[in-house]
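Peer 1: Input: one structure, supplied below.
In our numbering, the protein residues as written are 35 to 216.
Take a look at the structure:
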């Protein structure tokens with residue numbers, strides 16, 4: 035899907051949005067523009083791969099970049115990045131905020147790196163099945179003067195129950211599916 039879609043967007047010259055996260059190869063906004071499209075392959079270690087697969091490292095003891103072994107334990111895919119790298123990159127690119135998706139925070143959004151990075155997830159009920167562990171969704175409204183309003187999307191009890199039922203139906207359905215031979 036990402037082979038032809040934009041990998042990042044600059045909003046009002048001050049907010050950088052992407053699916054995954056940042057990369058040690060992200061040295062300028064021009065580096066993103068220079069990625070040849072459409073992509074044939076997301077080569078591990080490339081800027082394109084990192085923009086799609088990287089995640090913030092929630093361990094405050096760690097800084098910098100390291101391979102994201104949490105997503106691909108054998109070789110890593112994307113990067114885990116510390117809050118220090120986010121702050122340095124915002125300064126270097128002269129931006130105020132990085133907005134990313136890729137993970138489903140329980141409240142629909144999460145703030146990282148002293149407010150320099152936000153994880154935003156718009157699909158409520160993507161994770162969890164009980165009232166206490168099902169995620170909310172969130173969206174942003176960004177005004178012309180770049181004020182940001184977070185709009186959270188709660189999961190109703192009926193939606194949660196349907197989600198649990200859909201999961202049970204999918205498990206039942208998958209038992210009856212035969213795999214085709216190639």
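Beta carbons: idealized from backbone N, C-alpha and C, even for Gly.
Using 8 Å as the cut-off, can you tell me whether the region 60–80 makes contact with the region 143–154, which would need three or more C-beta pairs spanning the two stretches below that distance?
Peer 2: no
Peer 1: Is the beta carbon of residue 116 closer than 8 Å to that of residue 135?
Peer 2: Against a cut-off of 8 Å, the Cβ pair of residue 116 and residue 135 comes out as no contact.
Peer 1: Roughly how many whole angstroms lie between the Cα atoms of residue 64 and residue 185?
Peer 2: 32 Å
Peer 1: Curious, which full-length alpha helix (DSSP H) runs of at least 4 residues does the region 88–151 contain?
Peer 2: Scanning the region 88–151 from its first residue to its last, the whole alpha helix (DSSP H) runs of 4-plus residues come out as 117–127.
Peer 1: Where residue 142 and residue 69 are concerned, what is the direct C-alpha to C-alpha distance, given to the nearest angstrom?
Peer 2: 30 Å
Peer 1: Does the distance between the C-beta of residue 175 and the nearest non-hydrogen atom of the ligand ATP fall short of 7 Å?
Peer 2: As for the ligand ATP, it is missing from this structure, which has no ligand bound.
Peer 1: Three Cβ pairs or more, each shorter than 8 Å: is that satisfied between the region 50–61 and the region 79–99?
Peer 2: At 8 Å Cβ cutoff, the stretches touch.
Peer 1: Going straight from the alpha carbon of residue 78 to that of residue 114, what length do you get?
Peer 2: 14 Å
Peer 1: I'd like the list of long-range same chain contacts for residue 160, defined as Cβ closer than 6 Å, with 5 residues on each side in sequence excluded.
Peer 2: 138 and 169
Peer 1: Between which residues of its own chain and residue 167 is the CB-CB distance below 7 Å, once the five residues before and five after are set aside?
Peer 2: none
Peer 1: DSSP three-state call for residue 192: helix, strand or coil?
Peer 2: helix
Peer 1: Since residue 176 is in the alpha helix (DSSP H), which residue starts that stretch and which ends it?
Peer 2: First-last for residue 176: 171–176, but that is the beta strand (DSSP E), not the alpha helix (DSSP H).
Peer 1: Using three-state DSSP, classify residue 205 as helix, strand or coil.
Peer 2: With a pLDDT of 49 at residue 205, under the threshold of 50, the modelled position of this residue cannot be trusted, and the question is left open.
Peer 1: What does the alpha-carbon distance come out to for the pair residue 49 and residue 89?
Peer 2: 18 Å
Peer 1: Just the Cα atoms here: how many angstroms apart are residue 207 and residue 163?
Peer 2: Residue placement at residue 207 is flagged as unreliable, the pLDDT there being 43, under the threshold of 50; a coordinate-derived value is accordingly withheld.
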